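Asks: The following block contains the structure, expressed as structure tokens.
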Amino acid sequence: MPVVRRSKIRRRLLIMLVTGVGGMAAAAISFASAVYDAANPAPVPTIGKDQTVDTGRWRVTINGAHMSSMPPTGTKPFEPKRFLVVDLELDNRSVATSNVFLNLITIRDEAAPVQPKPTYYLARDKWIASAINPNMPEKLVAAWEWPADRPEPATLSLSIGKQIYKPRDNLYGAPNWFDDGEAAVVELPVTQAAETKEQ
Amino acid sequence: MSALRTLLICVLAIATLYAMRNSTPGYGDITAPIAIRGAVGERVETRDFAFGAANVHLARQVKVESFGRVKDYSTSGVWLIIEGAAVAKTETMTLTSADWLAGNGLRYELSQRFSTVPGYLPTERLEPGLPRPVLLAFELPEAAVDKGTLLVARSLVMPLAEELSIALGDKKPADIKPSVTIARSASGTPWTLAAR
């Protein structure tokens, strides 16, 4: 009787030991890989103009940039202003209409960020662009009002953000899109003062 | 024999857990709006409001006349314009969410490009018992019109609220007009719609 009991205890101890060590090893590997990934982020690719970036939710192509004294609407502002105008193409690959692209593209700059945010126009009829529909790629024009005290840039570096889809988020378990760093950096030259004709 | 039985129980347990995990509805499904089905041309009721879609038009371009100016709105697909009427039942409200659900599951939101169209759904305040004519416009690829469904709800962020799901059915317009002009009207409906 005592022999049987001792062997049973030994078996239980062995099981506890194996599961405990295994679980701890799994937790340690998972934690270490998370720390390693955070310490060694994947390098963000730098691309030129006319190349398409697949950010998951969007396909973004930056087609060119120029400085202009005229906003894309073609109406000359009352006070003289300078605009940094960027031509781009956007394709919404998600299931629903979205206007998230308004926060997707930012100027990468050591100095303070250019304020205010750019205004997006539809290239085809010069109206202010609202949300972009899925399965309807659009050509857009983004216009930054360039600060008067800043020299005109010769090159431009645009950061394209990306988002990931979580079918169950960490708070509610609801499906949603979440910001996930940069997809690519687009370097392109800025053509100076392309004067468009007045209307 | 006993080892085989243990293995069998383990496999069965894993299979059951996997099936339960995959069939559990997510938070989005649990709190999704409750669909109330209807068709174009009939009045569809919810507890809070009623809505009916009357006429459906397709156009390549929309022109909006407002205060003596004509604004052109082009599209890379087609404009789907729906004339209808809505009425609140219990309290004053605005129907802020209208989507077009295409046959392939893509959702197209109501176009936000108009600012001055009279009777546009999200700008109309509905008083209980006073039906108002309302106008809706969507920008869609041509293929998304067939087998589409109009979804109208008070708000998208209200869990377990009611949402109308109005199937287009065979009410698809036969032709796509090159241009439709929406103008303000003095009497009757607040707008006039003319194809040119």
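Protein chains in written order, with my numbering: chain A, 16 to 214; chain B, 1328 to 1523. Yeah, the Cβ is synthetic: ideal placement off N, Cα and C, and Gly gets one too. Predicted model only: the values in this text are computed from it and were never measured.
Could you tell me whether the Cβ of P1352 of chain B comes closer than 7 Å to any Cβ of chain A?
Replies: One-based indexing of the second sequence puts residue 1352 of chain B at position 25. No - not a single Cβ of chain A is within 7 Å of the one on P1352 of chain B.
Asks: Would the beta-carbon of G1404 of chain B fall within 7 Å of that of P1449 of chain B?
Replies: Against the second sequence, residue 1404 of chain B aligns to sequence position 77. Against the second sequence, residue 1449 of chain B aligns to sequence position 122. In this structure, P1449 of chain B does not lie closer than 7 Å to G1404 of chain B by Cβ.
Asks: When the Cα atoms are used, what is the spatial distance from A41 of chain A to T34 of chain A?
Replies: Numbered from 1 along the first sequence, position 26 holds the residue referred to as residue 41 of chain A. Numbered from 1 along the first sequence, position 19 holds the residue referred to as residue 34 of chain A. Whole-angstrom Cα-Cα distance: 10 Å.
Asks: Check the Cβ of Y136 of chain A against every Cβ in chain B and list those closer than 9 Å, keeping chain order.
Replies: As a first step, residue 136 of chain A must be located in the first sequence, where it is residue number 121. Going along chain B, no residue has its Cβ under 9 Å from Y136 of chain A, so there is no contact; the nearest lies around 11 Å.
Asks: Could you please tell me which residues of the region 189 to 201 of chain A, in chain order, have their CB closer than 7 Å to any CB of chain B?
Replies: Flagged, chain order: A189 and P190.
Asks: Pull up the distance between the alpha-carbon of G1496 of chain B and that of G1475 of chain B, whole angstroms please.
Replies: Start at 1 with the first residue of the second sequence, and residue 1496 of chain B comes out as number 169. Start at 1 with the first residue of the second sequence, and residue 1475 of chain B comes out as number 148. Distance between the alpha carbons of G1496 of chain B and G1475 of chain B: 8 Å.
Asks: L1344 of chain B by DSSP, collapsed to three states: which one?
Replies: Here the question's residue 1344 of chain B lines up with position 17 in the second sequence. Three-state result, L1344 of chain B: helix.
Asks: Taking the CB atoms as reference points, tell me whether P1517 of chain B and P1445 of chain B lie closer together than 7 Å.
Replies: Locating residue 1517 of chain B in the second sequence gives position 190, where the first residue counts as 1. Locating residue 1445 of chain B in the second sequence gives position 118, where the first residue counts as 1. Cβ distance < 7 Å, so P1517 of chain B and P1445 of chain B count as in contact.
Asks: On the criterion of 16 or more Cβ atoms from any shown chain inside 10 Å, does D1426 of chain B qualify as buried, or is it exposed?
Replies: The residue given as residue 1426 of chain B occupies position 99 in the second sequence. Buried.
Asks: What's the C-alpha gap between E213 of chain A and S1514 of chain B?
Replies: Residue numbering aside, residue 213 of chain A sits at position 198 when the first sequence is read from its first letter. Residue numbering aside, residue 1514 of chain B sits at position 187 when the second sequence is read from its first letter. Low confidence applies to E213 of chain A: its pLDDT is 46, below 50, so where it sits in the model is not reliable, and the reading given next is rough at best. About 40 Å.
Asks: Given 8 Å as the limit, is there contact between the region 134 to 151 of chain A and the region 110 to 117 of chain A, that is, 3 or more CB pairs closer than that?
Replies: With a cut-off of 8 Å, the region 110 to 117 of chain A and the region 134 to 151 of chain A count as touching, because enough Cβ pairs lie within range.
Asks: Mark Q66 of chain A as exposed unless 16 or more other C-beta atoms lie within 10 angstroms of its C-beta, in which case mark it buried.
Replies: Along the first sequence, read from residue 1 onward, the residue named residue 66 of chain A stands at position 51. By the neighbour-count rule (16 or more Cβ atoms within 10 Å), Q66 of chain A is not buried but exposed.
Asks: On the CB-based measure, 16 or more other CB atoms within 10 Å of its CB, does P246 of chain A come out buried or exposed?
Replies: What the structure shows of chain A is the stretch from 16 to 214, and residue 246 of chain A is not part of that stretch, so it cannot be assessed.
Asks: Please confirm if P1505 of chain B has its CB atom under 7 Å from at least one CB of chain A.
Replies: For this step, residue 1505 of chain B is matched to residue 178 along the second sequence. No - not a single Cβ of chain A is within 7 Å of the one on P1505 of chain B.
Asks: Assuming A158 of chain A contacts V205 of chain A (C-beta within less than 8 Å), just tell me the rounded distance between them.
Replies: Reading the first sequence from its first residue, position 143 is the one you call residue 158 of chain A. Reading the first sequence from its first residue, position 190 is the one you call residue 205 of chain A. Wrong, their Cβ atoms sit about 13 Å apart, outside the cutoff.
Asks: In the DSSP assignment, what are the bridge partners of K1398 of chain B?
Replies: Position 71 of the second sequence holds residue 1398 of chain B. According to DSSP, K1398 of chain B bridges with B:V1391.
Asks: Taking the CB atoms as reference points, tell me whether E1392 of chain B and A1510 of chain B lie closer together than 7 Å.
Replies: The count along the second sequence starts at 1 and reaches residue 1392 of chain B at position 65. The count along the second sequence starts at 1 and reaches residue 1510 of chain B at position 183. Yes. Within cutoff.
Asks: Three or more C-beta pairs under 8 Å: does that hold for the region 195 to 202 of chain A against the region 52 to 65 of chain A?
Replies: Because the criterion of three Cβ pairs below 8 Å is met, the region 195 to 202 of chain A and the region 52 to 65 of chain A touch.
Asks: Would you list, in sequence order, the uninterrupted beta strand (DSSP E) runs of no fewer than 3 residues that lie entirely inside the region 98 to 183 of chain A?
Replies: Correct list: 120 to 122, 134 to 137, 153 to 161 and 170 to 181.
Asks: Do three or more CB pairs link the region 1361 to 1381 of chain B to the region 1490 to 1504 of chain B at distances below 8 Å?
Replies: With the cut-off at 8 Å, the region 1361 to 1381 of chain B and the region 1490 to 1504 of chain B touch.
Asks: Taking Cβ positions, are E1454 of chain B and T1419 of chain B nearer each other than 7 Å?
Replies: Reading the second sequence from its first residue, position 127 is the one you call residue 1454 of chain B. Reading the second sequence from its first residue, position 92 is the one you call residue 1419 of chain B. Yes, the Cβ-Cβ distance between E1454 of chain B and T1419 of chain B is below 7 Å.
Asks: Which residues bound the alpha helix (DSSP H) around Y1354 of chain B?
Replies: Counting from one through the second sequence, the residue named residue 1354 of chain B turns up at place 27. Element bounds for Y1354 of chain B: Y1354 to I1357.
Asks: Tell me the residue span of the beta strand (DSSP E) that contains D69 of chain A.
Replies: Numbered from its first residue, the first sequence carries residue 69 of chain A at position 54. Residues T67 to D69.
Asks: For a test of the three-state rule: what should DSSP assign to R220 of chain A, helix, strand or coil?
Replies: What the structure shows of chain A is the stretch from 16 to 214, and residue 220 of chain A is not part of that stretch, so it cannot be assessed.
Asks: List the endpoints of the continuous beta strand (DSSP E) containing G89 of chain A.
Replies: Within the first sequence, numbered from 1, the residue matching residue 89 of chain A stands at position 74. It is not in any beta strand (DSSP E) - G89 of chain A carries neither H nor E in the DSSP assignment.
Asks: Please list the partners that Y1447 of chain B has in chain A, where partner means a Cβ-to-Cβ separation under 8 Å.
Replies: Within the second sequence, residue 1447 of chain B is the residue found at index 120, counting from 1. The contacting residues do not exist; Y1447 of chain B stays about 13 Å from chain A at best.
Asks: Within 7 Å of any Cβ in chain B, is that where the Cβ of I78 of chain A sits?
Replies: The residue you call residue 78 of chain A lines up with position 63 of the first sequence. A small correction: the amino acid at residue 78 of chain A is Asn; Ile does not occupy that position in the sequence shown. False, the Cβ-Cβ gap to chain B never drops below 7 Å.
Asks: At 8 Å on the CB atoms, spell out the chain A contacts of D1399 of chain B, in chain order.
Replies: Within the second sequence, residue 1399 of chain B is the residue found at index 72, counting from 1. Simply D140.
Asks: Would you identify the three-state DSSP class for R74 of chain A, choosing helix, strand or coil?
Replies: On the first sequence, residue 74 of chain A is found 59 positions in, with the first residue counted as 1. Here R74 of chain A sits in strand by DSSP.
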